[in-house]
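In what follows, a structure is listed as structure tokens, so that the remarks can point back to it.
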Amino acid sequence: MAKDVIQVNGEDRVVREDTAKAFRGVNWAWISIGGFVLIIALVAAFFFLIRPAVRNNPTSDSPRQGSYTQ
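Just so we're aligned, residue 1199 is where the sequence shown starts under my numbering, counting upward by one.
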């Protein structure tokens, strides 16, 4: 059986190759989930914080805001 080395709490441990792959897979899964949550948070911040501020700009001269005269 093939052996591999993983680090747990700063300590090197020799484990079977399939156990090491599973350990690394779980770590990558947590990193991927964290990245996905970060991207969703950035998109939500854009839509809920930045977009309304741009849309409610008081200096805009759009007809919808009543500054248009015929």
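Note that CB positions come from ideal geometry on N, CA and C, so glycine has one too. Predicted model only: the values in this text are computed from it and were never measured.
field: ALA1218 and ILE1229 closer than 8 Å at C-beta
entry: no
message: Closest to ASP1216 by C-alpha separation, out of LYS1201, VAL1206, LEU1236 and GLY1233, would be which residue?
response: LYS1201
- prompt: For ARG1163 versus MET1199, is the C-beta spacing smaller than 8 Å?
  reply: This structure cannot speak to residue 1163, because the chain is shown only from 1199 to 1268.
Residues near PHE1221 in its chain [Cβ-Cβ closer than 7 Å; skip 5 each side]: ILE1204
ASN1207 versus PHE1245: straight-line alpha-carbon distance, rounded: 40 Å
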